[in-house]
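Right, here's the structure in full:
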């Protein structure tokens, strides 16, 4: 059994996937800015349904793009469980966790979206682009990344040591730099 986490969007999801790619358990919670508590709640629900974390043969995480902090929460959870249980980890993009074989968009910066055409690198576009693209951030029928999609792409995942799992950033994080560098006068 593989356990997958998706935390790059306003929805946090957890799924248990069989080695054949069958979804054994999948649930999501609307949890904007609270992915860490939602993921724990969903893991408890998964274990209550009989799919124990210590039985997992690997862990997967949504590596983005998406919410900077959200992506890091999912990656850290997968890495932590991988290290605790000595299991390998793998990552998949939020594009693939919406639809691996279709054109998909996810929000980028204000009034921009990343669009990935299957088989090509993502590009940035202004929001009023196509209303027929799968994904979210352009209005219409939003489709969010889901950990259950790990089952559909299981054969494409590359598992390795938990320490190798890292978020994938398409843009630099839009955070401010400190006014005083770390290690300056305050550190002395």
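Numbering (the working numbering), first residue to last: 5 to 192.
By construction, the Cβ of each residue, glycine as well, lies at the ideal position given by its N, Cα and C atoms.
Going by the beta-carbon positions, is the gap between residue i and residue j smaller than 9 angstroms?
{"i": "residue 66", "j": "residue 107", "result": "no"}
{"i": "residue 117", "j": "residue 129", "result": "yes"}
{"i": "residue 149", "j": "residue 86", "result": "no"}
{"i": "residue 137", "j": "residue 109", "result": "yes"}
{"i": "residue 77", "j": "residue 39", "result": "yes"}
{"i": "residue 49", "j": "residue 166", "result": "no"}
{"i": "residue 62", "j": "residue 11", "result": "no"}
{"i": "residue 158", "j": "residue 68", "result": "no"}
{"i": "residue 82", "j": "residue 160", "result": "no"}
In three-state DSSP terms, what is residue i?
{"i": "residue 70", "result": "coil"}
{"i": "residue 98", "result": "coil"}
{"i": "residue 190", "result": "Bear in mind that a pLDDT of 45 at residue 190, under 50, signals an unreliable position, so the model cannot answer this."}
{"i": "residue 128", "result": "strand"}
{"i": "residue 24", "result": "coil"}
{"i": "residue 150", "result": "coil"}
{"i": "residue 108", "result": "strand"}
Opposite residue i in the DSSP bridges: which residues?
{"i": "residue 31", "result": "18"}
{"i": "residue 121", "result": "Answer is none; residue 121 lacks a bridge partner."}
{"i": "residue 8", "result": "19, 64"}
{"i": "residue 83", "result": "According to DSSP, residue 83 bridges with nothing at all."}
{"i": "residue 116", "result": "130"}
Quick one: residues in its chain with C-beta nearer than 7 angstroms to the C-beta of residue i, no 5 flanking neighbours on either side, listed in chain order?
{"i": "residue 59", "result": "5"}
{"i": "residue 189", "result": "With a pLDDT of only 47 at residue 189, under 50, the local geometry of the prediction cannot be trusted, and the value read off the model is given with reservation. Nothing meets the Cβ criterion."}
{"i": "residue 84", "result": "none"}
{"i": "residue 47", "result": "18, 57"}
Ordered along the chain, which non-local residues of its own chain (more than five positions away) have a Cβ less than 8 angstroms from that of residue i?
{"i": "residue 168", "result": "93"}
{"i": "residue 162", "result": "94"}
Using C-beta distances below 6 angstroms, list every residue in its chain close to residue i, excluding the 5 sequence neighbours before and after it, in chain order.
{"i": "residue 155", "result": "21, 25, 27"}
_Below 8 angstroms, how does it come out for the stretch 34-50 and the stretch 7-20: are there three or more Cβ pairs, yes or no?_
yes
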